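Take a look at the structure below.
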Amino acid sequence: MEKWSDTEIEKLKLWYQQNNVPSDQLIKDKDALDKFTEWFNKELGCDKTSKDVAGQLLILRKKGVLPRLRK
Numbered sequence: 000m001e002k003w004s005d006t007e008i009e010k011l012k013l014w015y016q017q018n019n020v021p022s023d024q025l026i027k028d029k030d031a032l033d034k035f036t037e038w039f040n041k042e043l044g045c046d047k048t049s050k051d052v053a054g055q056l057l058i059l060r061k062k063g064v065l066p067r068l069r070k
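Numbering follows numbering that gives the first Met the number 0, in which position 67 of the sequence shown is assigned residue number 66; successive positions increment by one, without gaps.
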């Protein structure tokens with residue numbers, strides 16, 4: 000997995016929170032993850048794969064930096 004910029008990480012955290020779907024659910028739902036990744040790439044002009052996004056979400060969750068989502 001390639002290194003993520005600080006901007007990419009901050010946007011991922013922000014959009015993850017706005018999406019309001021817990022990371023474990025997002026990662027398990029391939030269609031939702033693909034749509035989230037497609038939107039992320041379009042907004043930032045990058046070319047991350049769904050696997051890249053899922054991996055980064057897991058890293059951020061394990062570090063405790065993703066906000067808790069309440070449903």
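Just so it is clear, CB atoms sit at the ideal spot from N, CA and C, and this is done for glycine as well. Values in this document were obtained by computation on a predicted structure and should not be read as measured data.
Local Cβ density within 10 Å of glutamine 17, reported as buried at 16 or more and exposed below that:
The residue given as residue 17 occupies position 18 in the sequence shown. Exposed is the label assigned to glutamine 17, since fewer than 16 other Cβ atoms lie within 10 Å of its Cβ.
Kindly indicate the opening and closing residues of the alpha helix (DSSP H) around glutamate 1.
Indexing the sequence shown from 1 puts residue 1 at position 2. Annotation: glutamate 1 is outside any alpha helix (DSSP H) and is labelled neither H nor E by DSSP.
Length of the line joining the Cα atoms of leucine 25 and alanine 31:
The residue given as residue 25 occupies position 26 in the sequence shown. The residue given as residue 31 occupies position 32 in the sequence shown. Going by the C-alpha atoms only, they are around 6 Å apart.
Taking the continuous alpha helix (DSSP H) assigned at aspartate 67, which residues delimit it?
Numbered from 1 along the sequence shown, position 68 holds the residue referred to as residue 67. First, the amino acid is wrong: residue 67 is arginine here, not aspartate. Per DSSP, arginine 67 belongs to no alpha helix (DSSP H) and is neither H nor E.
Under 8 Å, do lysine 10 and leucine 59 count as touching if we go by C-beta distance?
Taking the first residue of the sequence shown as position 1, residue 10 is located at position 11. Taking the first residue of the sequence shown as position 1, residue 59 is located at position 60. Their beta carbons are not under 8 Å apart, which means lysine 10 does not touch leucine 59 by this criterion.
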